[in-house]
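Quick mapping for you: the protein sequence lines, in order, are chains A and B. All you need for the working numbering is the position in the first sequence, starting with 1, plus 15. All you need for the working numbering is the position in the second sequence, starting with 1, plus 15. We put the CB at the ideal spot given by N, CA and C, even for glycine. The block underneath contains the structure these notes are about, expressed in structure tokens.
Number of protein chains: 2
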Amino acid sequence: MAARPPLYRHVKQQITDALRSGKWKHGQKIASEPQLAERFGVSIGTVRKAVGELEAENILVREQGRGTFVVSHTRDYMLNVFFRVVDSDGHKELPTMSLLSMKRGRADGTTAALLHIAPRAPVIDIEALLSLKGRPTILDRIRLPVSLFAELGEHLFKRRDGTLYGLFQERFGITIVRVEENITAVIAGERDSRLLGVANGSPLLRIRRVGYTYKNVPVDARVRLVDSSKHGYLSVLGSGS
Amino acid sequence: MAARPPLYRHVKQQITDALRSGKWKHGQKIASEPQLAERFGVSIGTVRKAVGELEAENILVREQGRGTFVVSHTRDYMLNVFFRVVDSDGHKELPTMSLLSMKRGRADGTTAALLHIAPRAPVIDIEALLSLKGRPTILDRIRLPVSLFAELGEHLFKRRDGTLYGLFQERFGITIVRVEENITAVIAGERDSRLLGVANGSPLLRIRRVGYTYKNVPVDARVRLVDSSKHGYLSVLGSGS
DNA sequence: TAGTGGTCTAGACCACGTG
DNA sequence: ACGTGGTCTAGACCACTAC
């Protein structure tokens, strides 16, 4: 008795597949609504419902009079969607990244489970220090599966003004559509406190993040330590009117 | 040249006003879509768009074949919408509350600013210890404006199996539709560590929460300390497919 | 069976951006 | 002027719930 899925779900799925296959790339305009309606043999209203859901999921953006576009992980976009660290006035600002190290290694059990890869599968292991207002504030340890990012090299970071997820999108065609963050409080270790410029034994936010692309495929796993003495992590729930 | 707002916004506004005025109370069924369409002199499609937005904002819930209802702050609802503390397996469970103290006082500057009330305006000052799996995990210090909760007394907590926001809704007709939480890491003070049963100097999550009802009116301000040694704060961003 | 919300259609008109 | 997305309408039919 499997309930028949509504038509617009099917349309949405076809659009998502087209995005995944690279038919339309980030920042590009997709087909207009009348064109999509004709291609899929449905009415415009049905197309609009499908596109509307994809827009609500931060995958497409509609612009009246111009068209519908695949979201691009610009700095502004990252700031609004994925970055939640604010200063004491509630203002947000993207950090500047400084690469500490980058090497190949093998996934430990936890990382393998998070990334849905085999234990000891090859990963890229990155450490980076992120600064806000010139002050080191965030220490990232990032693990990426080599299977997806084989050609990732240090040189790609040197000349970058964008974000890591922007790099994923531009160079590897991988769009992060959702991240899950699990936050706990920890005491800064000796090395962490030195890098972040805080007293040994200071409290830090420890954020375990997993980033997912389409179809809930995990792509990046990171552990992020945040000096929250001058910043906070902002979470908004419910979004009422 | 003020752009004319679309019709469905007007309809949405009228529905929100009716909710605020108490015409339909939590858990009750509101008028059917054809009835609303006739009352407001618009087509059903326009009503559906308005109701759809209110549903997306967690203010109404539609149930096929039954009707559209005002959300009720049941335990399940709270768990899914406003409670973000999970155990190490990622499971959620609502805490049991134990009231530590409740007294009248006056708002300090920070609290007054958060609640949009005058400095030194009268507030109710509550301390409560919340336990997960029988283990004290969260220490809440809550400030409520007396202007909204004049009749709040300790007896209302004694016989309670619901949540604080459920109490707001049932006894005071106030529905929280959005909360903002600002999270930092702190070191447990002497009293905090004793109440939470952790070692002095342990790291804790410090969550500054403000709860809002319709029209962005702040209603409750609290500072929440969480023992994150066995739990974490879960945040999901982007919600892609 | 009657009433509810959910889907889908077809078409008119509006608001906006581009050439 | 044209094409885009945005709004609004009217009506048909489906899926589900209650009685």
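Taking the alpha-carbon positions, what's the residue i to residue j distance?
i	j	result
A/V85	A/M117	30 Å
A/K245	A/L145	14 Å
A/T125	A/L159	13 Å
A/A127	A/F183	20 Å
B/L211	A/V57	59 Å
B/S256	B/I45	In this predicted model, B/S256 has a pLDDT of only 49, less than 50, meaning its place in the structure is not dependable; the value taken from the coordinates is given anyway. Cα to Cα, B/S256 sits roughly 31 Å from B/I45.
A/G67	A/K40	19 Å
A/R54	B/V62	30 Å
A/K173	A/I141	14 Å
A/R156	B/L167	48 Å
A/L252	B/K64	22 Å
A/L75	B/V96	25 Å
A/E72	B/L114	40 Å
B/I30	B/I191	17 Å
B/K38	B/L51	14 Å
A/I222	B/R81	42 Å
A/S250	B/T199	11 Å
A/G42	A/E185	10 Å
A/N215	A/A143	20 Å
B/K148	B/S254	29 Å
A/R135	A/E205	28 Å
B/Q28	B/R77	18 Å
B/P21	A/E108	34 Å
B/H170	B/Y23	44 Å
A/V201	A/T83	44 Å
A/A133	A/R119	16 Å
B/V13	B/L69	Residue numbering for chain B in the displayed model covers 16 to 256; residue 13 of chain B lies beyond these limits and cannot be assessed.
How should residue i be labelled, buried or exposed, when 16 other C-beta atoms within 10 angstroms of its C-beta is the threshold for buried?
i	result
B/H106	exposed
A/H88	buried
A/D242	buried
A/P110	buried
A/G226	buried
A/D32	exposed
A/S217	buried
A/A203	buried
B/A122	buried
A/R224	buried
A/R19	exposed
Establish whether the CB of residue i and some CB of chain A are separated by less than 7 Å.
i	result
B/A200	yes
B/N73	yes
B/L252	yes
B/Y248	yes
B/V26	no
B/V57	no
B/S116	no
B/S162	no
So which of the options has the shortest CA-CA distance to residue i?
i	options	result
A/R193	A/A165, A/Y229 and A/G204	A/Y229
B/R248	B/Y92, B/R54, B/D155 and B/D102	Reading off the sequence, residue 248 of chain B comes out as Tyr, not Arg. The shortest C-alpha separation from B/Y248 is found at B/D102.
B/H131	B/V234, B/H25 and B/P20	B/V234
A/I59	A/P49, A/Q28, A/V213 and A/A236	A/P49
A/Y180	A/M93, A/P218, A/I222 and A/L34	A/M93
A/D104	B/N197, B/I139, B/S217 and B/R150	B/N197
A/V138	A/K173, A/L109, A/F97 and A/R237	A/R237
B/A165	B/K148, B/P218, B/R150 and B/G188	B/G188
B/M112	B/R135, B/D123, B/L129 and B/T152	B/T152
B/S208	B/A200, B/T199 and B/L219	B/L219
B/V232	B/S254, B/S162 and B/L240	B/S162
B/Q79	B/L69, B/S47, B/V100 and B/F98	B/S47
B/T178	B/G120, B/R119 and B/R90	B/R90
B/L240	B/H170, B/R24, B/R135 and B/V100	B/V100
B/L129	B/R19, B/E195, B/E169 and B/S36	B/E195
B/R150	B/H25, B/R119 and B/V213	B/V213
Does the beta carbon of residue i come closer than 7 Å to any beta carbon on chain B?
i	result
A/L159	no
A/S256	Residue placement at A/S256 cannot be trusted, given a pLDDT of 48 that sits under 50; the coordinates are not used to answer.
A/S36	no
A/S103	no
Margin query: Short of 8 Å Cβ to Cβ, which residues in the segment 179–200 of chain B face chain A?
Written below: I191, V192, R193, V194, E195, E196, N197, I198, T199 and A200
Item checked: chain A contacts made by the segment 214–226 of chain B, where a contact means CB separation under 7 Å -> P218, L219 and L220
Next item on the list: Identify each residue in the segment 83–99 of chain A for which the Cβ-Cβ distance to at least one residue of chain B is less than 8 Å, and report them in chain order.
Entry: V96, F97 and R99
Margin query: So if I threshold CB-CB distances at 7 Å, which residues from the segment 233–246 of chain B count as touching chain A?
Written below: S243
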